[in-house]
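Numbering (the working numbering), first residue to last: 5 to 87. We put the beta carbon where it would ideally sit given N, CA and C, even for glycine. Quantities reported herein were computed from a predicted structural model and do not represent experimental measurements. Please read the structure below before turning to the comments.
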């Protein structure tokens, strides 16, 4: 997702897990921010983040998702403007 005139910054946290070896599992947590177009959907953001996570790992293309969070990155709407 790229920045444009009408975007919102979101913070994400995702934890994934996949099997390794006999009876073992690997777990990985990724955090970061993305700029999403104001017309983008949560599904599009999820697919983009998961695509980046899978590219960065030596893991199957469909790891199990243990945790997913996507929230606006600003703590105060509009950066506190208008007060």
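Name the one or two DSSP bridge partners that residue i has.
i	result
residue 18	34 and 72
Helix, strand or coil for residue i? Go by DSSP, reduced to three states.
i	result
residue 10	coil
residue 27	coil
residue 63	coil
residue 49	helix
Comparing C-alpha positions only, which one of the options sits nearest to residue i?
i	options	result
residue 33	43, 42, 22 and 10	22
residue 13	27, 44 and 55	44
residue 19	54, 65 and 75	54
residue 46	31, 64 and 74	74
residue 72	40, 10, 50 and 11	50
Would you decide whether residue i is buried or exposed? Buried here means 16 or more other CB atoms lie within 10 Å of its CB.
i	result
residue 38	buried
residue 67	buried
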